[in-house]
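Numbering (my numbering), first residue to last: 4 to 284.
Just so it is clear, CB atoms sit at the ideal spot from N, CA and C, and this is done for glycine as well.
For reference, the structure discussed in these notes is given below.
Structure (structure tokens):
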């Protein structure tokens with residue numbers, strides 16, 4: 004038998020013994036790197052951003068959120084509340100009683116109040132989108148003309164009941180528009196209770212029409228958009244976001260806000276009946 008074959012297993016064993024420290028070292032290095040990558044991903048996945056949002060921007064927000072979570076590995080937990088008004092479910096009331104939140108998304112009017120109350124990290128507020136006020140009717144019903152002041156007034160006077168949001172746009176309508184039209188005492192206005200939006204009141208037959216932000220009408224089931232009200236009595240409502248004072252996830256909160264305000268989000272915002280801020284047509 005050739006000498007090479009006689010010594011083959013012995014040589015192979017020596018090679019294994021000699022190389023084992025190198026192999027162990029390489030394996031250890033790979034394990035360390037893998038561990039660091041795993042730990043890094045786990046740390047990212049553990050980041051949780053808590054959001055309180057009002058109804059006006061919820062349409063595009065719900066469509067955009069999965070992409071943000073997928074690309075960042077972060078988890079977003081969402082709660083809801085009114086931008087303004089009274090009652091325990093306004094965003095201001097929830098923050099006042101200690102409901103945890105890192106980001107708020109609400110009307111600019113409501114956010115201005117939170118800034119005044121020192122509930123917001125200074126300089127973090129960003130306008131996300133704007134939407135006009137429109138009129139909703141039950142799905143499949145005839146769509147009345149509401150494009151002029153007189154036409155809108157006739158629709159309101161002919162309705163048995165009119166639903167409005169209990170927040171910013173509803174406050175504007177009840178305190179400004181309806182009195183200015185001289186019909187405040189002649190119409191039956193029903194501010195929507197928290198948990199049942201103005202559109203839902205129309206869908207259920209509780210109200211004939213709802214006057215509310217177009218963005219809320221666009222994604223509400225059971226209703227159609229009849230039209231946008233006249234510019235003379237219009238409120239182009241701006242929705243904005245900011246980091247909540249005391250947040251423990253400030254960087255993650257800023258990252259979410261930047262994503263929602265990005266050009267990438269603009270198409271989704273437009274498809275929801277809104278426009279990016281400053282781009283009204």
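N-terminal and C-terminal residue of the beta strand (DSSP E) that residue i is part of
| i | result |
| --- | --- |
| residue 177 | That residue, residue 177, is in no beta strand (DSSP E); it is neither H nor E in DSSP. |
| residue 62 | From DSSP, residue 62 is part of no beta strand (DSSP E) but of the alpha helix (DSSP H) over 61-75. |
| residue 55 | 51-56 |
| residue 215 | 212-216 |
| residue 156 | Note, residue 156: premise wrong, no beta strand (DSSP E); alpha helix (DSSP H) at 152-161. |
| residue 206 | From DSSP, residue 206 is part of no beta strand (DSSP E) but of the alpha helix (DSSP H) over 201-206. |
| residue 186 | Careful: residue 186 lies outside any beta strand (DSSP E) and carries neither H nor E. |
| residue 276 | Counting along the chain, residue 276 falls outside any beta strand (DSSP E), and DSSP gives it neither H nor E. |
| residue 194 | 192-194 |
| residue 170 | That residue, residue 170, is in no beta strand (DSSP E); it is neither H nor E in DSSP. |
Exposure label - residue i; buried when at least 16 CB within 10 Å
| i | result |
| --- | --- |
| residue 219 | buried |
| residue 274 | exposed |
| residue 178 | exposed |
| residue 25 | Low confidence applies here, because residue 25 scores a pLDDT of 44, under 50, leaving its location unreliable; read the following figure in that light. When all chains shown are included, residue 25 counts as exposed. |
| residue 30 | In this prediction, residue 30 scores a pLDDT of 46, lower than 50, which makes its location untrustworthy; no coordinate-derived value is stated. |
| residue 79 | buried |
| residue 267 | exposed |
| residue 189 | exposed |
| residue 122 | buried |
| residue 257 | buried |
| residue 146 | exposed |
| residue 210 | buried |
| residue 244 | buried |
| residue 61 | buried |
| residue 85 | buried |
| residue 250 | buried |
| residue 264 | buried |
| residue 57 | buried |
| residue 276 | buried |
| residue 90 | exposed |
| residue 137 | buried |
Contact set for residue i: own chain, Cβ-Cβ below 6 Å, skip 5 residues either direction
| i | result |
| --- | --- |
| residue 213 | 139, 166, 201, 202 and 205 |
| residue 82 | 55 |
| residue 50 | 77 and 255 |
| residue 150 | 230 |
| residue 252 | 52 and 105 |
For residue i, the nearest candidate out of the options (CA to CA)
| i | options | result |
| --- | --- | --- |
| residue 208 | 129, 141 and 107 | 141 |
| residue 156 | 184, 163 and 130 | 184 |
| residue 195 | 189, 186, 182 and 172 | 172 |
| residue 242 | 66, 98 and 111 | 111 |
| residue 74 | 259, 253 and 126 | 259 |
| residue 119 | 105, 95 and 180 | 95 |
| residue 162 | 192, 88, 126 and 169 | 192 |
| residue 169 | 270, 221, 247 and 87 | 87 |
| residue 128 | 246, 276 and 182 | 246 |
| residue 233 | 152, 182, 180 and 174 | 152 |
| residue 105 | 89, 269, 248 and 262 | 248 |
| residue 235 | 180, 225, 270 and 65 | 180 |
| residue 108 | 182, 93 and 101 | 93 |
Sequence-distant residues of the same chain with beta carbon closer than 7 Å to residue i, five excluded per side
| i | result |
| --- | --- |
| residue 135 | 217, 231, 237 and 239 |
| residue 159 | 165, 186 and 190 |
| residue 176 | 167 and 214 |
| residue 68 | 79 |
Beta-carbon proximity list for residue i, same chain, < 8 Å, skipping 5 on both sides
| i | result |
| --- | --- |
| residue 143 | 227 |
| residue 272 | 63, 131, 132, 278 and 279 |
| residue 34 | Confidence at residue 34 is low in this model, with a pLDDT of 44, below 50, so the placement of that residue should be treated as unreliable; the coordinate-derived value is given next. Taken in chain order, the list of residues that qualify is empty. |
| residue 103 | 53 |
| residue 223 | 139, 200, 202, 203 and 206 |
| residue 221 | 62, 228, 275 and 276 |
Original post:
Which full runs of the alpha helix (DSSP H) of 4+ residues lie inside the stretch 223-265, going along the chain?
Top reply: Scanning the stretch 223-265 from its first residue to its last, the whole alpha helix (DSSP H) runs of 4-plus residues come out as 253-263.
Subject >> Unbroken stretches of the beta strand (DSSP E), 3 residues or longer, contained in the stretch 87-149 >> reply: Look at the stretch 87-149 and you find these whole runs of beta strand (DSSP E), each 3 residues long or longer: 106-110, 129-134 and 136-141.
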